[in-house]
Each structure stands twice: as structure tokens, then as C-alpha cells.
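**Q** One point on numbering: in my numbering, the residue at position 97 of the sequence shown is 95, and numbering is uninterrupted.
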Amino acid sequence: MDKDSYLKAQVELARPSFYVPSVVVTPKDVELAKTSLQLVTDEKSSAYRTKKLAGYSKTCLQWFFEEFYKKLFELCPEAKPLFANTDMTEQGGKVGAMLAAALGVVYDDPITCKSVLTKLAKDHSGYGVKAEYYGSVGLSVVLSLKLVLGEAMDDDMFTAWVRVYSVILDVVLPVACECDMPTNLPSTSSSSSSCSTSLSLNHLSSKAQNLSIALPLSLILISAVAMIVFRQRVN
-1 MDKDSYLKAQ VELARPSFYV PSVVVTPKDV ELAKTSLQLV TDEKSSAYRT KKLAGYSKTC
59 LQWFFEEFYK KLFELCPEAK PLFANTDMTE QGGKVGAMLA AALGVVYDDP ITCKSVLTKL
119 AKDHSGYGVK AEYYGSVGLS VVLSLKLVLG EAMDDDMFTA WVRVYSVILD VVLPVACECD
179 MPTNLPSTSS SSSSCSTSLS LNHLSSKAQN LSIALPLSLI LISAVAMIVF RQRVN
């Protein structure tokens, strides 16, 4: 198998099951994603209020990151050792800040965004981050937001995050897969990762289910989030 064929096959394998190509992020997508983050930081979530009444003493943002890492390690146990010596509370705050910053350039400055993502993907291959991890990170972000925001995260907001996530995968996966490529190419392409990126339709509302069929669900933000997560681990 030649290099180009191998790389193409590896990118296909690394794409999560909910990925759909050729999505264009719109200003509305970015605004909805920003709104969801604002709801978390402002603690304007009925799900959070209910949890707080039950005795939860941490902030809504802390709850989100607890759920995010819990889901990430459940979906991708291979990633857990990368955080072995990490203060997860501090880590969550860094990811939140970087996530908000990423939303500011996804639509407004795509050239810069692509350049930054390309560099991050190259850098993170040296930290042990594999191409197939990125799907699990994105899925963890979306599902954790859905849990923490509850009804506040409606169909449009959910879809905006999934859309924002897919575009980034288009940038980082080819770079990450090339970094993962062995010196001696095997005759066939295969993946041994235990990471799960399967998004059951039970996770989506009826409108989002239809969108999962009609729209590309691979977007820039969550892959960016993926790299943001691992970047902050080593800073």
C-alpha cells in the first residue's frame, strides 16, 4: 500500500461514526455554541438547579468538566494515562477558557484556525495523542453539555455543536494520521484503538436525528477541543 492510500484509509478509520463531510460553519452555529457556554458559566440551567438542590456544592462549569472527563475516559480509556499527574480541577478551567477562545476564531478567522490546529495536531502526536482520540473528545463535550444544560440545550444548539466539531476533524485528522504513520507501511490499514465514537440516536432528539442523516456532523470545534484538552495537559 502506498503512502497516500494508507493515509486516506487511516483518516477514514479515525472519523467517528457521526461524521459527515463538507459542513460549513455559520455565524448562527458559533452564536449558539457560545450561548450554551454562557448558560453553563451563568448557571442558568434547570438541570443544574435541580442537582444543586440535591446537595451538589460545585459550580455548573465544574459539573460540566466532571461529566466531560468521566465520559471521555469511558469512551476512550486509552487517553486516561495522559492525565495521570494532572490536577483535573485546574485542567477543567483551562479547557473552558481555551474552548471559549476557539469559538472566537472558528468562523471569523478560519485561516488562523487551520494553521493553529495543524500545529497542535503535530505537537500532540509527540504526547501520545492518537488520531482516533479526537472523535471521543468531541462526543464527550456534546453529551456532557446536553446533560448539564438539559432542556436548555435544544435541537438547534445541539446540532450547532456537532457541526462546529466536524469541521475541525477535517483539519486535524489528516495531520494526526500522518504523524501516526509507521515507517514501514503494512499491506492493509487497520486500527487497534478501543475508543468509542458511536453516537446512538437515543442521544439525539427527533429533529437532531433527522439532521444526523442530512448534515455532516464533523465540525471544527470539537477537534479543536480535543487538541485543546491535550495541549493544556502539558502546559
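Virtual Cβ for every residue (Gly too), placed ideally from N, Cα, C.
Keep in mind that this is a model prediction, so the values were computed, not measured.
Please look up how many angstroms separate the CB atoms of Ser138 and Leu73, rounded, as I've assumed it's under 8 Å.
**A** Start at 1 with the first residue of the sequence shown, and residue 138 comes out as number 140. Start at 1 with the first residue of the sequence shown, and residue 73 comes out as number 75. So it is a contact: roughly 6 Å between Cβ atoms.
**Q** Leaving aside the five residues before and after Leu183 along the sequence, list all residues of the same chain whose C-beta is less than 8 Å from its C-beta, in chain order.
**A** Locating residue 183 in the sequence shown gives position 185, counting from the first residue. Closer than 8 Å at the Cβ level, and outside the excluded window around Leu183, lie Met(-1), Asp0, Lys1, Tyr4.
**Q** Is Ala129 helix, strand or coil by DSSP?
**A** Counting from 1 along the sequence shown, the entry for residue 129 is found at position 131. Coil at Ala129, not helix or strand.
**Q** Expressed to the nearest angstrom, what Euclidean distance is found between the alpha-carbon atoms of Pro108 and Gln36?
**A** If you number the sequence shown from 1, residue 108 lands on position 110. If you number the sequence shown from 1, residue 36 lands on position 38. The straight-line gap from Cα to Cα measures roughly 23 Å.
**Q** Return the Cβ separation of Val38 and Val146 in integer angstroms, given the expectation that the two are a contact with Cβ distance under 8 Å.
**A** Indexing the sequence shown from 1 puts residue 38 at position 40. Indexing the sequence shown from 1 puts residue 146 at position 148. With a Cβ gap of about 6 Å, Val38 and Val146 count as contacting.
**Q** Taking Asp121 as the reference, give the member of Cys175, Glu64, Pro180, Met151 with the closest Cα.
**A** Position 123 of the sequence shown, counted from the start, is the residue given in the question as residue 121. For Asp121, the nearest C-alpha among the options comes from Cys175.
**Q** Mind checking Val22: buried by the 16 CB within 10 Å criterion, or exposed?
**A** Counting from 1 along the sequence shown, the entry for residue 22 is found at position 24. By the neighbour-count rule (16 or more Cβ atoms within 10 Å), Val22 is not buried but exposed.
**Q** Grab me the residues of Lys6's own chain with a C-beta within less than 7 Å of its C-beta, minus the 5 sequence neighbours each way, in chain order.
**A** For the purposes of this step, residue 6 is taken as the residue at position 8 of the sequence shown. Around Lys6: no qualifying Cβ.
**Q** To the nearest angstrom, report how far apart Leu167 and Tyr54 are at their CA atoms.
**A** Within the sequence shown, the letter at position 169 stands for residue 167. Within the sequence shown, the letter at position 56 stands for residue 54. Distance between the alpha carbons of Leu167 and Tyr54 is about 35 Å.
**Q** So, helix, strand or coil for Thr57, using DSSP?
**A** Counting from 1 along the sequence shown, the entry for residue 57 is found at position 59. Residue state, collapsed to three classes: coil.
**Q** With DSSP run on the structure shown, which of helix, strand or coil describes Val21?
**A** Taking the sequence shown and counting its residues from 1, one reaches residue 21 at position 23. Coil, per DSSP.
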